[in-house]
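Chemist: Quick note on numbering: the sequence shown equals residues 38 to 165 in my numbering. Note that CB positions come from ideal geometry on N, CA and C, so glycine has one too. On a predicted model such as this, the values are computed, not experimentally measured, just so you know. Please find one structure pasted underneath; my questions will follow.
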Amino acid sequence: MATSPKKEAPADGGVLQNKPTAAAAQQGDHDRIVMASRRADGTPDQINPEFIGDKDVAIAAAQEQLAQQAASAVDTAARGVSSTPEGTGSSEPDAEVKALKDAQDKAVEAAKDKAAREVEDLHRGLGG
């Protein structure tokens, strides 16, 4: 039985890297993603991300991520809002809570718009 000779890897490691470097990533490497991991400021936490897969799904996922992050940021900024014990007070919405809710709604809409623009700019098809 004939066997083919085993190919020896080049001494310098050839094209494979045992330990990829940051410099290698900046020279053209990128992450192909369906949904981004996010930094605290809302930007994707990947290297030069390229959205793949169904575009509508990617937009919906990005919108939900950024909407939740934006609403949370508004809430965090307004931690001083107090609440009353259950069953006491007026049935009218508290002015501070209403203002907070309005600010969250505004932040959510802006985040959804940002998410749609981001996916539009970075989407590269169905991954084929």
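Need the endpoints of the alpha helix (DSSP H) that Thr113 sits in, please.
Modeler: As a working note, residue 113 is residue 76 in the sequence shown. First-last of the alpha helix (DSSP H) with Thr113: 92-114.
Chemist: Expressed to the nearest angstrom, what Euclidean distance is found between the alpha-carbon atoms of Asp82 and Leu137?
Modeler: Residue 82 sits at position 45 when you count from the first residue of the sequence shown. Residue 137 sits at position 100 when you count from the first residue of the sequence shown. C-alpha separation (whole angstroms): 28 Å.
Chemist: Assuming contact is defined by CB atoms lying nearer than 8 Å, are Ala132 and Gln100 in contact in what I supplied?
Modeler: Here residue 132 is taken as the residue at index 95 of the sequence shown, counted from 1. Here residue 100 is taken as the residue at index 63 of the sequence shown, counted from 1. Not closer than 8 Å, so no.
Chemist: Flag this pair as yes or no: are the beta carbons of Ala147 and Ala107 separated by less than 8 Å?
Modeler: Against the sequence shown, residue 147 aligns to sequence position 110. Against the sequence shown, residue 107 aligns to sequence position 70. Yes.
Chemist: Please name the residue in Gly90, Arg75, Thr80, Gly79 whose C-alpha comes closest to that of Arg161.
Modeler: In the sequence shown, residue 161 corresponds to position 124, counting from 1. Comparing Cα-Cα distances from Arg161 to each of Gly90, Arg75, Thr80, Gly79, the minimum goes to Gly90.
Chemist: So Val71 and Ala104 are in contact, right, with Cβ under 8 Å, and what is the actual spacing, rounded?
Modeler: Residue mapping note: residue 71 aligns to position 34 of the sequence shown, counting from 1. Residue mapping note: residue 104 aligns to position 67 of the sequence shown, counting from 1. Wrong, their Cβ atoms sit about 18 Å apart, outside the cutoff.
Chemist: Residues in the same chain with beta-carbon distance under 6 Å from Gln141, minus the five sequence neighbours each way, listed in chain order, please.
Modeler: The residue you call residue 141 lines up with position 104 of the sequence shown. Same-chain partners within the cutoff: Ala108, Val111.
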